[in-house]
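Structure, as structure tokens:
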Amino acid sequence: MANQSLKTLTETLAGRLTERALPGELKDFGPSEVAQAAAFVAATAAHRSDGAPAIAIEPISADDTRRRMRLAIINDDMPFLVDSIAAAIGVQDIAVDRIIHPVVRTTRAPDGTLHAIDADGHGAGRPESMIYLEMERADARDRRGLIEDLTAVLADVRAAVTDWRAMQAALDDDIAMLPEGEGAALLQWFLNGHLTLLGHQIWHRDGSGRAALGIARNEHRVPILAAASRALAIEWFEAGNDSPLLLKSNLISTVHRAVPLDLVVVPVMEGTTV
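So in our numbering, spot 264 of the sequence shown is number 1509, and the numbers just go up one at a time.
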């Protein structure tokens, strides 16, 4: 694709913006509104560092009795994006009026400058999600906080998607450590697609960890499993109880659904020591 001006990028995006939208998302979203949204999304997409999202929020001009704002998020296309973004906004108790999510192929310069958007979906380039939302307006401080939260959420989504196969392999190794029986069968059932794998990590008795995968690679305000709970888990296995140990985390998932994480804990034996 040849390099396009921002005006051409905007016009191309306007033609692609609503192609996957549900009818309800297009209410009161005529050609003028589409053009304004496309200009905002194209400006947000104009530069994006490799492996990182581009995010922008701005107030919508007061064209009715409601005070609203718009949000654009540009990211490599991958699973869980819209669900995770909507959940993060919901945590802030901000009402969302519209979500539109075209996936377009783009070409970028090595520095992340957007050169072209494919006009028909059949050209070359890399698929990017260009997500546009309209929602209840928040004040400037809350908008900055929302951008910070969304950046962290998208980092977790990227980590979970990138490490998915490695987490499958790690769970397979966990199964191999268990004796044949219900515990191993349960983990195999999880591995067969009945559990969404988001993270995996090996914890040591001294509180350190290694081999972090998925969201476990990233820092969170709340630990996935508190140090005291890790110590209790070790005591559980030392007492001869069965594995796996199934727990609920105090950390609310940032990926896919905003619910407490389900934890599957198995002992790693070094001789007779857990």
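Quick reminder that beta carbons are idealized off the backbone N, C-alpha and C, glycines included.
Considered as a whole, the region 1283-1366 harbours 1299-1304, 1313-1321, 1341-1345, 1348-1353 and 1359-1362 as its complete beta strand (DSSP E) runs of no fewer than 3 residues, in chain order.
Within a 10 Å sphere around the beta-carbon of histidine 1367 sit fewer than 16 other beta-carbons, which makes this residue exposed. Here threonine 1407 carries a helix assignment [DSSP, helix/strand/coil].
One thing to note: alanine 1364 has its Cβ within 8 Å of the Cβ of threonine 1257. When the Cα atoms are used, isoleucine 1497 and aspartate 1338 turn out to be separated by approximately 15 Å.
The shortest CA-to-CA distance from aspartate 1384 to any of Val1406, Arg1312 and Ser1374 is the one to Arg1312. Here alanine 1287 has Leu1251, Leu1254, Thr1255 and Leu1258 as same chain residues with Cβ atoms under 7 Å from its own Cβ, once five neighbours each way along the sequence are excluded. Leucine 1508: member of the beta strand (DSSP E) spanning 1505-1510, first to last residue. The count of Cβ pairs closer than 8 Å, one atom from the region 1273-1284 and one from the region 1390-1397, stays below three, leaving the stretches out of contact. Relative to asparagine 1495, the option among Leu1458, Asn1486, Val1511 and Ala1472 whose CA is nearest is Ala1472. Pairing valine 1500 with aspartate 1401 gives a Cβ-Cβ distance under 8 Å. Listed in chain order, the non-local C-beta contacts of arginine 1462 below 7 Å within the same chain comprise Ala1404, local neighbours out to five positions each way being set aside.
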